[in-house]
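Here is the structure we will look at.
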Amino acid sequence: LRLQHVAVADTDNSSVTPYTQEPPFNAREAYLNRIANSIYRDFGAFNPEDVAAGAITATQINAAYQPMDEEADAFEYQVIEFVQQILKLQGIEDAVPQFKRNRISNQTEQVTNVIQEAQFLDDQTILELLPNITPDMIPKILAMKDAQDAVRFEDEPQNGPVEGLEDTGV
33 LRLQHVAVAD TDNSSVTPYT QEPPFNAREA YLNRIANSIY RDFGAFNPED
83 VAAGAITATQ INAAYQPMDE EADAFEYQVI EFVQQILKLQ GIEDAVPQFK
133 RNRISNQTEQ VTNVIQEAQF LDDQTILELL PNITPDMIPK ILAMKDAQDA
183 VRFEDEPQNG PVEGLEDTGV
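All letters in the sequence shown, in the order written, are residues 33 to 202 by the numbering used here.
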């Protein structure tokens with residue numbers, strides 16, 4: 033009663049009962065949530081709450097980005113036409129700008145997929161697909177791998193089989 037200054041006085045029993053009254057906020061909170069959801073839906077924005085719940089697959093992450101990708105595709109088309117017209121004024125023909133979209137991802141799943149596909153890919157493509165390798169690191173890594181391969185091949189005997197090992201015919 034001393035803090036809230038809200039009470040019910042009962043004159044018949046000569047008593048005062050203190051109480052607190054919560055401000056009505058549930059309707060306002062529901063309205064704000066509805067507005068936020070419609071903004072994400074109507075404008076194709078990415079809602080981070082959709083993917084914030086623990087371990088989520090890359091497919092679910094891609095599905096959450098899909099509305100934003102569709103919006104970006106529409107803008108990219110207009111930007112590509114604009115840039116091509118500017119380049120045409122400079123005398124550059126047939127140039128197509130490329131865009132790279134950054135997004136959150138399940139890196140473990142991405143790396144696992146790259147490892148499974150690695151036998152079908154060259155070293156540079158593998159490095160480009162790995163999410164933790166930046167483009168400026170790729171030439172350095174390839175140069176180091178080439179140097180290691182060169183050292184390894186220099187150390188191997190050049191004159192046939194190694195002594196002590198029999199030919200199994202395989």
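In this text, a Cβ means the ideal position worked out from N, Cα and C, and glycines have one as well.
- In the structure shown, V146 falls within a helical segment according to DSSP collapsed to helix, strand and coil.
- Spanning the alpha carbons of A95 and Q116 requires a straight line of approximately 31 Å.
- Annotation: the continuous alpha helix (DSSP H) that includes V111 extends over A90 to L121.
- Each residue's CA atom was taken as its position, placing A62 and L119 some 50 Å apart.
- Linking N69 to G76 through their CA atoms gives a straight-line distance of about 10 Å.
- Taking C-beta atoms as the reference points, T89 and E160 fail to come closer than 8 Å.
- Y97 counts as buried, since at least 16 other C-beta atoms from the protein chains shown sit within 10 angstroms of its C-beta.
- Taking the CA atoms as reference points, A150 sits about 19 Å from Q180.
- Judged by DSSP in its simplified three-state form, S46 adopts coil rather than helix or strand.
- For A77, the three-state secondary structure derived from DSSP is coil.
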